[in-house]
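Structure first, then comments.
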Amino acid sequence: MNEKTATPDDRDYDQRILEIHQELGVPEHYAHDRGLRLFEEALSLVTAEVDTNGKVHRLTEKTSTLWKRMKYAATKDGIHLILVSGFRDVDYQVGLIRKKLDQGKSIDDILKVLAAPGFSEHHTGRAIDLTSPDCPPCTERFEHTDAFAWLNMHAREFGFSMSFPRGNRHGFIYEPWHWAFHDSSEFL
1209 MNEKTATPDD RDYDQRILEI HQELGVPEHY AHDRGLRLFE EALSLVTAEV DTNGKVHRLT
1269 EKTSTLWKRM KYAATKDGIH LILVSGFRDV DYQVGLIRKK LDQGKSIDDI LKVLAAPGFS
1329 EHHTGRAIDL TSPDCPPCTE RFEHTDAFAW LNMHAREFGF SMSFPRGNRH GFIYEPWHWA
1389 FHDSSEFL
(Lines of atoms letter the chains of each structure in order from A and count residues from 1; the text may use other names and numbers.)
(Lines give C-alpha, C1' and ligand atoms only; values in the text may rest on other atoms or scores of the structure.)
Protein backbone atom coordinates (compact mmCIF):
# COMPACT_ATOMS: atom_id res chain seq x y z
CA MET A 1 0.00 0.00 0.00
CA ASN A 2 3.00 2.31 0.00
CA GLU A 3 3.36 5.02 -2.59
CA LYS A 4 6.53 7.03 -3.03
CA THR A 5 6.61 10.24 -1.09
CA ALA A 6 7.47 13.65 -2.45
CA THR A 7 10.15 13.87 0.24
CA PRO A 8 13.54 13.37 -1.46
CA ASP A 9 15.03 11.41 1.44
CA ASP A 10 13.12 8.77 3.40
CA ARG A 11 15.12 9.67 6.50
CA ASP A 12 13.78 13.22 6.23
CA TYR A 13 10.21 11.85 6.20
CA ASP A 14 10.90 9.51 9.12
CA GLN A 15 12.48 12.37 11.09
CA ARG A 16 9.55 14.67 10.32
CA ILE A 17 7.09 12.05 11.57
CA LEU A 18 9.15 11.50 14.73
CA GLU A 19 9.19 15.24 15.45
CA ILE A 20 5.44 15.53 14.86
CA HIS A 21 4.79 12.62 17.20
CA GLN A 22 6.93 14.19 19.91
CA GLU A 23 5.10 17.49 19.50
CA LEU A 24 1.66 15.82 19.72
CA GLY A 25 2.61 13.48 22.57
CA VAL A 26 2.23 10.26 20.59
CA PRO A 27 3.74 7.46 22.70
CA GLU A 28 7.25 6.48 21.59
CA HIS A 29 6.37 2.84 20.88
CA TYR A 30 2.95 3.59 19.34
CA ALA A 31 3.58 1.92 15.98
CA HIS A 32 5.41 -1.10 17.37
CA ASP A 33 2.88 -1.76 20.13
CA ARG A 34 -0.05 -1.60 17.69
CA GLY A 35 1.56 -3.41 14.77
CA LEU A 36 1.35 -0.39 12.47
CA ARG A 37 3.54 0.46 9.54
CA LEU A 38 4.60 3.85 8.30
CA PHE A 39 2.77 5.03 5.18
CA GLU A 40 4.40 7.56 2.92
CA GLU A 41 2.28 10.20 1.26
CA ALA A 42 1.20 9.35 -2.28
CA LEU A 43 3.15 11.29 -4.86
CA SER A 44 0.77 10.92 -7.78
CA LEU A 45 -2.93 11.59 -7.23
CA VAL A 46 -5.93 12.26 -9.45
CA THR A 47 -9.29 13.81 -8.70
CA ALA A 48 -11.60 10.87 -8.07
CA GLU A 49 -14.66 13.06 -7.71
CA VAL A 50 -15.95 16.35 -6.42
CA ASP A 51 -18.83 16.01 -3.96
CA THR A 52 -21.98 18.10 -3.81
CA ASN A 53 -20.30 20.48 -1.34
CA GLY A 54 -17.43 21.10 -3.77
CA LYS A 55 -14.91 19.03 -1.79
CA VAL A 56 -12.31 17.45 -4.06
CA HIS A 57 -11.52 13.82 -3.27
CA ARG A 58 -8.13 12.67 -4.54
CA LEU A 59 -6.91 9.08 -4.88
CA THR A 60 -4.18 7.24 -6.73
CA GLU A 61 -5.11 6.64 -10.35
CA LYS A 62 -5.73 2.89 -9.90
CA THR A 63 -7.75 3.44 -6.75
CA SER A 64 -9.83 6.11 -8.48
CA THR A 65 -10.51 3.84 -11.44
CA LEU A 66 -11.59 0.93 -9.25
CA TRP A 67 -13.60 3.20 -6.94
CA LYS A 68 -15.55 4.50 -9.94
CA ARG A 69 -16.15 0.95 -11.22
CA MET A 70 -17.31 -0.18 -7.79
CA LYS A 71 -19.60 2.83 -7.37
CA TYR A 72 -21.09 2.22 -10.84
CA ALA A 73 -21.71 -1.46 -10.05
CA ALA A 74 -23.36 -0.52 -6.76
CA THR A 75 -25.56 2.03 -8.53
CA LYS A 76 -26.65 -0.64 -11.03
CA ASP A 77 -27.72 -2.72 -8.02
CA GLY A 78 -29.69 0.21 -6.56
CA ILE A 79 -27.04 1.12 -3.97
CA HIS A 80 -25.82 4.71 -3.58
CA LEU A 81 -22.27 4.95 -2.20
CA ILE A 82 -21.03 8.38 -1.11
CA LEU A 83 -17.32 9.15 -0.88
CA VAL A 84 -16.67 11.08 2.35
CA SER A 85 -12.87 11.11 2.39
CA GLY A 86 -9.93 10.00 0.29
CA PHE A 87 -6.31 11.14 0.41
CA ARG A 88 -5.21 13.03 3.51
CA ASP A 89 -1.69 14.34 3.86
CA VAL A 90 0.31 14.30 7.07
CA ASP A 91 -0.42 17.96 7.80
CA TYR A 92 -4.16 17.38 7.53
CA GLN A 93 -3.87 14.42 9.93
CA VAL A 94 -1.95 16.64 12.36
CA GLY A 95 -4.78 19.18 12.17
CA LEU A 96 -7.40 16.55 12.96
CA ILE A 97 -5.46 15.44 16.03
CA ARG A 98 -4.76 19.00 17.21
CA LYS A 99 -8.46 19.82 16.96
CA LYS A 100 -9.29 16.90 19.26
CA LEU A 101 -6.47 17.82 21.65
CA ASP A 102 -7.85 21.37 21.76
CA GLN A 103 -11.23 19.87 22.71
CA GLY A 104 -9.55 18.36 25.77
CA LYS A 105 -9.31 14.77 24.55
CA SER A 106 -6.30 12.69 25.55
CA ILE A 107 -3.85 11.53 22.89
CA ASP A 108 -4.52 7.90 23.90
CA ASP A 109 -8.26 8.32 23.26
CA ILE A 110 -7.62 10.18 20.01
CA LEU A 111 -5.35 7.40 18.72
CA LYS A 112 -8.23 4.93 19.03
CA VAL A 113 -10.20 6.84 16.40
CA LEU A 114 -7.43 8.45 14.32
CA ALA A 115 -4.09 7.09 13.18
CA ALA A 116 -1.08 9.13 14.18
CA PRO A 117 0.43 11.18 11.34
CA GLY A 118 2.45 8.90 9.08
CA PHE A 119 0.35 5.85 9.97
CA SER A 120 -2.94 6.65 8.24
CA GLU A 121 -3.93 4.60 5.21
CA HIS A 122 -5.38 7.84 3.86
CA HIS A 123 -1.80 9.07 3.22
CA THR A 124 -1.47 6.42 0.49
CA GLY A 125 -4.36 7.70 -1.62
CA ARG A 126 -5.83 4.20 -1.48
CA ALA A 127 -8.19 4.51 1.48
CA ILE A 128 -11.74 5.76 1.27
CA ASP A 129 -14.38 6.58 3.86
CA LEU A 130 -17.89 5.87 2.60
CA THR A 131 -21.47 6.45 3.61
CA SER A 132 -24.92 6.29 2.05
CA PRO A 133 -27.80 8.80 1.87
CA ASP A 134 -29.57 7.22 4.85
CA CYS A 135 -26.59 7.38 7.20
CA PRO A 136 -24.48 10.08 8.84
CA PRO A 137 -20.82 9.85 7.75
CA CYS A 138 -18.25 7.88 9.74
CA THR A 139 -20.63 6.22 12.18
CA GLU A 140 -21.21 2.60 13.11
CA ARG A 141 -24.77 3.02 11.81
CA PHE A 142 -23.25 2.45 8.37
CA GLU A 143 -23.01 -1.28 9.14
CA HIS A 144 -26.83 -1.44 9.14
CA THR A 145 -27.21 -0.01 5.63
CA ASP A 146 -27.80 -1.76 2.34
CA ALA A 147 -24.61 -0.06 1.14
CA PHE A 148 -22.53 -1.83 3.79
CA ALA A 149 -24.15 -5.18 2.98
CA TRP A 150 -23.38 -4.61 -0.70
CA LEU A 151 -19.75 -3.72 0.07
CA ASN A 152 -19.33 -6.88 2.14
CA MET A 153 -20.54 -8.93 -0.82
CA HIS A 154 -18.80 -7.09 -3.66
CA ALA A 155 -15.94 -4.79 -2.56
CA ARG A 156 -13.31 -7.52 -2.95
CA GLU A 157 -14.26 -7.86 -6.63
CA PHE A 158 -12.80 -4.36 -7.03
CA GLY A 159 -9.81 -4.83 -4.73
CA PHE A 160 -11.27 -3.11 -1.66
CA SER A 161 -11.52 -4.45 1.87
CA MET A 162 -12.60 -3.04 5.22
CA SER A 163 -9.49 -2.07 7.17
CA PHE A 164 -10.73 -1.96 10.75
CA PRO A 165 -13.26 -4.66 11.67
CA ARG A 166 -14.39 -5.16 15.25
CA GLY A 167 -11.54 -6.16 17.53
CA ASN A 168 -8.87 -5.35 14.93
CA ARG A 169 -5.29 -5.98 16.00
CA HIS A 170 -4.30 -2.33 15.57
CA GLY A 171 -6.45 -1.04 18.43
CA PHE A 172 -8.64 1.23 16.31
CA ILE A 173 -12.37 1.48 16.84
CA TYR A 174 -14.61 -0.47 14.49
CA GLU A 175 -14.83 1.51 11.24
CA PRO A 176 -17.37 -0.05 8.86
CA TRP A 177 -17.03 3.05 6.65
CA HIS A 178 -13.25 2.77 6.05
CA TRP A 179 -12.18 0.68 3.05
CA ALA A 180 -8.82 0.43 1.32
CA PHE A 181 -7.77 -0.63 -2.15
CA HIS A 182 -5.10 -3.32 -2.28
CA ASP A 183 -3.17 -3.04 -5.52
CA SER A 184 -3.28 -5.96 -7.89
CA SER A 185 -3.16 -6.01 -11.67
CA GLU A 186 -6.08 -8.47 -11.71
CA PHE A 187 -8.46 -5.61 -10.96
CA LEU A 188 -7.58 -3.54 -14.03
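Each residue of the sequence shown is one higher than the one before, counting from 1209 in this note's numbering.
Note that CB positions come from ideal geometry on N, CA and C, so glycine has one too.
For L1309, the closest of D1220, Q1223, V1234 and E1227 by C-alpha to C-alpha distance is V1234.
Short of 6 Å from the beta carbon of R1242, and not among the five residues preceding or following it, lie these beta carbons of its own chain, in chain order: H1378 and G1379. Under the three-state reduction of DSSP output, D1337 falls in the strand class. Looking at the DSSP output, V1264 shares a beta bridge with V1258.
The closest CA to that of L1319, considering only F1350, Y1382, R1349 and G1262, is found on Y1382. In this structure, the straight-line span from the alpha carbon of G1303 to that of D1342 is close to 28 Å. Leaving aside the five residues that flank H1331 on each side, the residues in its chain whose CB is nearer than 6 Å to its CB run, in chain order, F1247 and E1249. The C-beta distance from F1295 to L1253 rounds to 6 Å, short enough to fall under 8 Å. Of all C-beta pairs linking the stretch 1357-1374 to the stretch 1277-1284, three or more are shorter than 8 Å, placing the two stretches in contact. Around the C-beta of H1352, fewer than 16 other C-beta atoms lie within 10 Å, and the residue is accordingly described as exposed. Closest in alpha carbon position to L1291, among K1307, F1372 and C1346, is C1346. For R1219 and G1326, the gap between their C-alpha atoms comes out near 13 Å.
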